[in-house]
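Novice: Before I ask anything, let me first share the structure, which is written out below as structure tokens.
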């Protein structure tokens, strides 16, 4: 018996969509094994991790609340990824967005919320754009790899936030804790569901998903981004500027990540802290790929990733597992997705012995 | 010597289905030792699939292969080579930065480089008249020389059957004669040759027997030396060969492409620098650019179409407007349309549907609203019009570009550009690798454009094509363009001399001396 990996004549569309589901299933199975090895009852652990967090109305609110920044970041990243623009720095753009939006809330505490909140969102988007513009400029001007530069800028952004909340923006009445003053109610996004923390930021995320779909599927600019990613020579032939593609790809990602940052500080957090995101900007990279870079897929993948965050928190409390459990599951999801993606271009063939299969019929790819 | 010779290769009932198409449908074929056997057919007729089956790249769904009288299963190219089958592909697979010997050593199953291999290469290449220096780097070789590397690579394994897939599509006339000499010598020594082509004249000059394919089936077996080209063409395309209608130019159109003193250093280290190109293509005429590929045609076309803008705005003038600094989209807005040499990934995005490929260049035909939204119905109508006007064989506007055969995709690309109503049209090797039926239609489309007053520039390696459709012709060699000649006042011999660089001034101009090649 021989197992061979054989190239498909055409990439399988079925597998392109089934692969994220396979990866999710494999992650759950691996979770079962992991829990068993840790001496926990895997069924109980499964319930604690995946069911209990969303068994209540509050839980569902949390699910949607945590999915919102993931949707925002992943959608912006996906628009760049489709055009082969690899923005890895959404976490930093989110942080700068939070600083800009939060800074406005601290600077204008008396302003009416109807005016302040849109301003904060605009400031957050502008901050994210500015932060993403740096790697875009370095790439178009010096051909510097945006994967490296955008990632390096994450750490600069995190340190900038840390400096602000420990220095100039520290709450004078905060007992020297590294945090800003609490925002007023005028700087907090209105709640959506009573009894939960879900706020209108979720609606904003859904609207951005819809806009992202409109952009990629229905506009010439979105079409050109896809061409730039699929066939650079055809893009040049069509007169699509490679520089413009880089700028759009980076700046859209920066804008949505910046908005996500405002959504965090003007939402569940309500002030600036040294850490405002549990890695949403990085998790969004996984979300973008699990969602197949498609807006609808990203919405669904965001819910899955959000559940992993909630399950990870529940596992810390209910199963006494370390906080690394969340990132462990995120990593497994990406790992299994990459493995399952091999099946898009290849298929497994089982042969009794080499050569015996002879002129066996090859099953069609789809 | 046996009394009744055993066939070297016998294929019987070979069938191969792909999801959308039956590529081979019960094909029988016999090749005798020392025979040069042609497999003749249009693109998409199933020639490539058939030879890939023989070489072990594709597995048949049904049918048997006999090698020297014994049934065999060829499940990999390694198995094919072990049996004594060699193949020279249409697209070369050589590393440009390595030497000839290194390239050959990489491909040999038991790699043994060094002096011994050098000697074997020299010996083999001398024996078959394939002059090759094993120490030279591949990027310094001409296309013909690169093909020799591929052939020598096969010959070192002393094959009993050599498969040649469209070997002459990249060669100049003199190089073709040389290749035929080599193949005849090989055949005389007993090596069988399976020669894949759609060029009737070549097959009639070279081959002892021919199997003609159409739509995956054998439509005839014959001795091509005893049949007329018209007969072979009928077997191949199912009807008589259309002849292009070439009316005398009457209306002088308003389209105009002018090139003044264009010099441009190549972007690619192995590319060709352009120097002092002057050219004028007026409305209502077709100007041809002849020359062996790799002499700067690609660079010239990229500069003219705006894929690579140049510094001097007035070096390229489109319809009276200096366009040197404009990109391809801005030049298209001036009425310049362009069919690139490469189809996949350049003229079309293979993964995208025909509708989306319409949008690639024809977005200016009211297919997009002022807000930048795609008007899907208009796009579909444009794709549909292209498909029906240019007889593109496809499942429909939503079929992926890669599902089309080369000829059909090329017709689609040409149609897309023609339907945009250009005033200047540039076509680079528009019939390269395209079957004769589609080639004739594409040439006719260019002639129709000319008759409508469009300025047409046709870059082609095929002299027959240039003589058939052009009003004027110039020759490109080493990045320079010869003076333009009226087609009536010249002949193939003169163009051949120009290809040799007979018009180039003896002293080396400074612009070329700056960038010496390694």
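Residue numbers (our numbering), protein chains in the order written: chain P, 2 to 367; chain R, 243 to 760.
The beta carbon of each residue, even a glycine, is placed where N, CA and C say it ideally should be.
#1: At 7 Å on the CB atoms, spell out the chain R contacts of residue 347 (chain P), in chain order.
#2: Any idea if residue 310 (chain P) is buried or exposed, counting beta-carbon neighbours within 10 angstroms, 16 or more meaning buried?
#3: I'd like the list of long-range same chain contacts for residue 297 (chain R), defined as Cβ closer than 8 Å, with 5 residues on each side in sequence excluded.
#4: For residue 132 (chain P), which three-state DSSP category applies?
#5: Just to confirm my understanding: we take residue 365 (chain P), look at its own chain, exclude 5 residues before and 5 after, and list those with CB closer than 7 Å. What are they?
#6: Is residue 57 (chain P) buried or exposed, if buried means 16 or more other CB atoms sit within 10 Å of its CB?
#7: Looking at residue 33 (chain P): is its Cβ nearer than 8 Å to the Cβ of residue 21 (chain P)?
#8: Unbroken alpha helix (DSSP H) runs of length 4 or more, entirely within the region 258-313 of chain R: which are they?
#9: Identify which residue in R:260, R:476, R:430 has its Cα closest to the Cα of residue 462 (chain R).
#10: Apart from the five residues just before and just after residue 191 (chain P), which ones in its own chain have a Cβ nearer than 7 Å to its Cβ?
#11: For residue 345 (chain R), which of helix, strand or coil comes out of DSSP?
#12: Please say whether residue 80 (chain P) and residue 226 (chain P) have beta carbons closer to each other than 8 Å?
#13: When you compare the region 158-168 of chain P with the region 273-281 of chain P, are there three or more beta-carbon pairs, one atom per stretch, that lie closer than 8 Å?
#14: Jot down the residue ranges of each uninterrupted beta strand (DSSP E) in the region 673-704 of chain R, minimum 3 residues, whole runs only, in chain order.
#15: Just grab the DSSP bridge partners of residue 462 (chain R) for me.
#16: DSSP three-state label for residue 441 (chain R), please.
#17: May I ask you to list the residues that DSSP assigns as paired with residue 564 (chain R)?
#18: Can you list the residues of chain P that residue 661 (chain R) reaches, using a CB-CB cut of under 8 Å?
#19: Taking one C-beta from the region 95-113 of chain P and one from the region 313-320 of chain P each time, how about it: are there three or more such pairs within less than 8 Å?
#20: Are at least three pairs of beta-carbons, each pair with one atom in the region 696-710 of chain R and one in the region 724-737 of chain R, less than 8 Å apart?
#21: I want to verify the contact list: residues of chain R whose CB lies under 7 Å from the CB of residue 228 (chain P), in sequence order.
#22: Examine the Cβ distances between the region 287-299 of chain P and the region 70-80 of chain P and report whether three or more of them are shorter than 8 Å.
#23: Hey, how far is the Cα of residue 434 (chain R) from the Cα of residue 670 (chain R)?
#24: Would you decide whether residue 713 (chain R) is buried or exposed? Buried here means 16 or more other CB atoms lie within 10 Å of its CB.
#25: Count the other CB atoms, across all protein chains shown, that sit within 10 Å of the CB of residue 251 (chain R); report buried if there are 16 or more and exposed otherwise.
#26: Where does residue 347 (chain P) sit, in a helix, a strand or coil, going by DSSP?
#27: Are the Cβ atoms of residue 268 (chain P) and residue 75 (chain P) separated by less than 8 Å?
#28: Say whether chain P places a C-beta atom closer than 8 Å to the C-beta of residue 562 (chain R).
#29: State yes or no: is the beta carbon of residue 418 (chain R) nearer than 8 Å to at least one beta carbon in chain P?
#30: Which runs of the alpha helix (DSSP H) fall wholly inside the region 252-313 of chain P and span at least 4 residues, in chain order?
#31: Of all the CB atoms in chain P, is at least one closer than 8 Å to the CB of residue 549 (chain R)?
#32: Chain R beta carbons: is any one of them nearer than 8 Å to that of residue 369 (chain P)?
#33: Looking only at its own chain, which residues have a Cβ that is under 7 Å from the Cβ of residue 551 (chain R), when we skip the five neighbours before and after it?
#34: Quick one: give me the first and last residue of the alpha helix (DSSP H) that residue 470 (chain R) is part of.
#35: Would you say residue 594 (chain R) lies against chain P (beta-carbon separation less than 8 Å)?
#36: Could you tell me the alpha carbon to alpha carbon distance between residue 68 (chain P) and residue 304 (chain P), rounded to whole angstroms?
Specialist: In terms of the structure at hand:
#1: The premise fails here: residue 347 (chain P) is roughly 16 Å from chain R at the closest Cβ pair, so nothing lies under 7 Å.
#2: Classification for residue 310 (chain P): buried.
#3: Only 316, 319, 322, 327, 329, 405 meet the Cβ criterion.
#4: Helix.
#5: A caution first: residue 365 (chain P) carries a pLDDT of 38, below 50, which makes its placement in the model unreliable, though a value can still be read off. If we look at residue 365 (chain P) and ignore the five residues flanking it on each side, it has no Cβ neighbours.
#6: So residue 57 (chain P) counts as exposed.
#7: The beta carbons of residue 33 (chain P) and residue 21 (chain P) sit no closer together than 8 Å.
#8: Unbroken alpha helix (DSSP H) stretches of 4 residues or longer found wholly inside the region 258-313 of chain R: 289-296, given in chain order.
#9: Answer by Cα proximity: R:476.
#10: The residues are 200, 201.
#11: The answer is helix: DSSP assigns residue 345 (chain R) an H, G or I state.
#12: Yes, the pair counts as a contact, with Cβ atoms nearer than the cut-off.
#13: Verdict: yes, contact present.
#14: Complete beta strand (DSSP E) runs here, min 3: 697-701.
#15: The partner list for residue 462 (chain R) (beta bridge, DSSP) reads R:454.
#16: Under the three-state reduction of DSSP output, residue 441 (chain R) falls in the coil class, being neither helix nor strand.
#17: Bridge partners of residue 564 (chain R): R:559.
#18: By Cβ distance, chain P contributes nothing, its closest Cβ being about 16 Å from residue 661 (chain R), past 8 Å.
#19: Judged by Cβ distances under 8 Å, the region 95-113 of chain P makes no contact with the region 313-320 of chain P, as fewer than three pairs qualify.
#20: Per the Cβ contact rule, the region 696-710 of chain R is in contact with the region 724-737 of chain R (3 or more Cβ pairs under 8 Å).
#21: What residue 228 (chain P) touches in chain R: 591, 602.
#22: Judged by pairs of C-beta atoms under 8 Å, the region 287-299 of chain P touches the region 70-80 of chain P, as three or more such pairs exist.
#23: Answer to the nearest angstrom: the Cα atoms are 35 Å apart.
#24: Looking at its Cβ environment, which holds 16 or more other Cβ atoms inside 10 Å, residue 713 (chain R) is buried.
#25: Its Cβ being crowded by 16 or more others within 10 Å, residue 251 (chain R) is buried.
#26: Residue 347 (chain P): strand per DSSP, three-state reduction.
#27: No, they are not a contact pair.
#28: By this cut-off, residue 562 (chain R) is not an interface position.
#29: No, residue 418 (chain R) lies away from the interface with chain P (no Cβ there is under 8 Å from its Cβ).
#30: Counting only runs of 4 or more, we get 281-291.
#31: Yes, residue 549 (chain R) lies at the interface with chain P (some Cβ there is under 8 Å from its Cβ).
#32: A query on residue 369 (chain P) cannot be resolved here, the shown segment of chain P reaching from 2 to 367 and no further.
#33: Same-chain partners within the cutoff: 566, 567, 568, 569.
#34: If you look at residue 470 (chain R), you'll find it isn't in any alpha helix (DSSP H); DSSP assigns it neither H nor E.
#35: So, interface residue.
#36: Near 5 Å, if we compare the C-alpha coordinates of residue 304 (chain P) and residue 68 (chain P).
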